[in-house]
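The opening position of the sequence shown corresponds to residue 523 in my numbering, with each subsequent residue numbered one higher.
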Amino acid sequence: MAEDNGEDLRIGVYVCHCGSNIAGVIDPREVAEYAATLPGVVISKDHRYVCSDPGQALIRNDIKEHNLNRVVVAACSVRLHEPTFRACVAAAGLNPFLFQMANIREQCTWVHSHEPEAALEK
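Written as structure tokens, this is what we have:
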């Protein structure tokens with residue numbers, strides 16, 4: 523899959539467990555496995571706390587090792603951690619505006635905490 527400038531997309535996807543906030547409702551590994559099948563995704567991983575220092579190191583290392591040119595983090599609130607991850611990808615040499623965050627904690631697992639299948643489908 524190529525971008526407008528002809529460069530192939532090389533996307534890394536990181537799905538956070540957020541302790542039991544996410545992993546207590548859905549299986550982050552299952553989400554990461556699904557993401558790995560999407561066009562342009564070259565690496566997809568789940569991690570207990572992606573916002574932690576080890577989680578950020580994982581992203582930085584993968585950007586360099588797999589020559590990623592896009593990063594998606596599926597975790598908690600953009601308001602809480604978007605600056606964290608923009609700084610993380612920038613430290614690895616990636617334009618911080620080539621990062622996207624999906625709030626699966628508040629928008630999926632919290633609102634469907636008693637309906638795990640609905641949370642996963644969303």
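Positions of the beta carbon are idealized from the N, C-alpha and C atoms, including for glycine.
Straight-line gap, residue i to residue j (C-alpha atoms, nearest Å)
i	j	result
N527	L620	14 Å
E639	I585	32 Å
P605	Q622	11 Å
L601	H636	In the sequence on display, residue 601 carries Arg and not Leu. Going from the Cα of R601 to the Cα of H636 covers about 25 Å.
A545	W632	11 Å
Q629	G541	16 Å
Y571	N543	11 Å
Contact check, residue i vs residue j, beta carbons under 8 Å
i	j	result
L580	H569	yes
R532	N617	no
C473	H539	Past the boundaries of the shown model lies residue 473; the chain is included only from 523 to 644, so the question cannot be answered.
A624	H634	no
S566	V593	no
R582	S599	no
A596	V547	no
A557	V564	no
Bridge partners - residue i, DSSP secondary structure assignment
i	result
Y536	K567 and V595
N662	Past the boundaries of the shown model lies residue 662; the chain is included only from 523 to 644, so the question cannot be answered.
N589	According to DSSP, N589 bridges with nothing at all.
A480	Because residue 480 is not part of the residues shown, which for the chain are 523 to 644, the question remains open.
Three-state class that DSSP yields for residue i in the structure shown
i	result
A614	coil
N543	helix
C573	coil
E637	coil
H550	Before going on, a small fix: residue 550 reads as Pro here, not His. If DSSP states are grouped into helix, strand and coil, P550 belongs with the helices.
D559	Checking the sequence, you will find Thr at residue 559 rather than Asp. Reduced to three states, the DSSP call for T559 is coil.
For the pair the segment 545–560 and the segment 606–619, tell me if three or more CB-CB distances fall below 8 Å. In short, these stretches do not touch, since the Cβ pair count stays below three.
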